[in-house]
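Residue numbers (the working numbering), protein chains in the order written: chain L, 1 to 155; chain Z, 1001 to 1101.
In what follows, a single structure is set out as structure tokens and then discussed.
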Amino acid sequence: MEHEMTQVEARSALDAIERGRRRVIDEIDMPRWYWWGLALGWIALGYITDLDHPWVTSAATLAFGAIHASVAPRVIDGRHRTDQLSVRRDMAGRHLPRLVIGALLALALVTIAGALAANADGAGHPVTIASVLVAVMIVLGGPQLVAAYRRRAAA
Amino acid sequence: MSEARFDELIHPSTRLSIVSLLAAADWVEFAFVRDQLGLSDSALSKQLSTLEEAGYVAIERQLSERRRRVRARLTPVGRTAFEGHVAALREILEGSVPSLP
């Protein structure tokens, strides 16, 4: 009986440990302001591109990249959604930054394809139109992407 | 892989829950642990003090934006003890699996 109790306690204790791990994994996320900032920057870049001044577009693209490169390392690993805790790297995994950057590269291609399609259709501001669509995808899909990653980390 | 070692200090349910949270994080705010586990300030302080005295937990007190922030983190000694405790619990469970004929 005593042995049986110990096994039951062991299972219960391991369950409590797992709950603790999941509570911390639930905190893996990126701040909302990151997605909104990215989306607004995307639209701004699209609008500037439509102005058709190559030098301005190049400078804006470089500025956008520089700002993103300075901000992203602090949030893109998903370990610091709030200032309440820092998730351990081995809990958060190493793939979230790659996943986000990969998604952004894919969205850049979607923007180009969308702009070409809008231009072929005779739209007045094709890149802006494509950028707005992609910005909506960023705001709605970004948190979903991280949530899917979080579920995988918890499994 | 840590050596299996049942740890009497960690095992009580409240302390085990606290250490489980800390083990998955680099550091955790006092308020986060309190809210997640539904503890009072005094109950959590008492448990953290016990863990700190054992060298399992380090407490950092900071004054930021006129707010006092208290962070707790598991020390290397605490992490080794926790991993050993988890290994011991798993061994107990494995012992419960009946051998196949």
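Just so it is clear, CB atoms sit at the ideal spot from N, CA and C, and this is done for glycine as well.
Comparing C-alpha positions only, which one of the options sits nearest to residue i?
| i | options | result |
| --- | --- | --- |
| alanine 1054/Z | Thr1080/Z, Leu1039/Z, Leu1089/Z, Arg1068/Z | Thr1080/Z |
| glycine 1078/Z | Ala1058/Z, Gln1047/Z, Phe1030/Z, Ser1045/Z | Ala1058/Z |
| threonine 49/L | Gly142/L, Gln144/L, Val146/L, Thr128/L | Thr128/L |
| serine 1017/Z | Asp1026/Z, Leu1063/Z, Asp1041/Z, Gln1047/Z | Gln1047/Z |
| valine 132/L | Asp121/L, Val71/L, Leu107/L, Val146/L | Leu107/L |
| arginine 150/L | Ala113/L, Asp77/L, Ala13/L, Ala120/L | Asp77/L |
| phenylalanine 1032/Z | Arg23/L, Gly37/L, Phe64/L | Arg23/L |
| leucine 45/L | Ser70/L, Leu105/L, Phe64/L, Gly37/L | Phe64/L |
| serine 1040/Z | Leu1021/Z, Thr1014/Z, Glu1052/Z, Glu1060/Z | Thr1014/Z |
| alanine 103/L | Gly142/L, Ala10/L, Ala117/L | Gly142/L |
Excluding the 5 residues preceding and the 5 following residue i in the sequence, name in chain order all residues of the same chain whose CB lies nearer than 7 angstroms to its CB.
| i | result |
| --- | --- |
| valine 110/L | Val134 |
| valine 75/L | Met30, Pro31, Tyr34 |
| serine 1002/Z | Thr1080, Glu1083, Gly1084, Ala1087 |
| threonine 57/L | Ile48, Thr49 |
| alanine 39/L | Ala135, Ile138, Val139 |
| threonine 1075/Z | Gly1055, Tyr1056, Val1057, Ala1058 |
| alanine 1023/Z | Leu1074, Arg1079, Phe1082 |
| tryptophan 42/L | Ser131, Val134, Ala135, Ile138 |
| arginine 1067/Z | none |
If I measure Cβ to Cβ from residue i and keep anything under 8 angstroms in the same chain, skipping five residues before and after, which residues do I get?
| i | result |
| --- | --- |
| alanine 153/L | Ile25, Ile28, Met91, Ala92, Gly93 |
| leucine 99/L | Leu145, Tyr149 |
| leucine 85/L | Val24, Glu27 |
Mind reading off the beta-carbon distance from residue i to residue j? Whole number of angstroms is fine, and I expect it under 8 angstroms.
| i | j | result |
| --- | --- | --- |
| arginine 79/L | arginine 89/L | 7 angstroms |
| aspartate 1026/Z | arginine 1073/Z | 6 angstroms |
| alanine 115/L | proline 97/L | Their Cβ separation, rounded to whole angstroms, is 27 angstroms, which puts alanine 115/L and proline 97/L out of contact at 8 angstroms. |
| serine 1045/Z | glycine 20/L | That pair is no contact at about 19 angstroms. |
Given residue i, which residues of its chain have a CB within under 6 angstroms of its CB, disregarding the five upstream and five downstream residues?
| i | result |
| --- | --- |
| leucine 1037/Z | Ser1017 |
Checklist entry - Mind listing which residues of the segment 15-35 of chain L have their C-beta closer than 9 angstroms to chain Z's C-betas, in chain order? => result Ala16, Ile17, Glu18, Arg19, Gly20, Arg21, Arg22, Arg23, Val24, Ile25, Glu27
Next on the checklist: Counting only Cβ-Cβ distances shorter than 7 angstroms, please list the residues of the segment 87-121 of chain L near chain Z, keeping chain order.
Outcome noted: Val87, Arg88, Met91
Next on the checklist: Under 8 angstroms, CB to CB, which of the residues in the segment 46-70 of chain L have a partner in chain Z?
Outcome noted: none
Checklist entry - Using Cβ-Cβ distances below 8 angstroms, what residues of the segment 1029-1049 of chain Z are close to chain L? => result Glu1029, Ala1031, Phe1032, Gln1036
Next on the checklist: Going residue by residue through the segment 1041-1094 of chain Z, where are the continuous alpha helix (DSSP H) segments of at least 4 residues, counting only ones entirely within it?
Outcome noted: 1041-1053, 1076-1094
Checklist entry - Can you list the alpha helix (DSSP H) stretches of 4 or more residues lying completely in the segment 55-140 of chain L, in chain order? => result 89-92, 96-120
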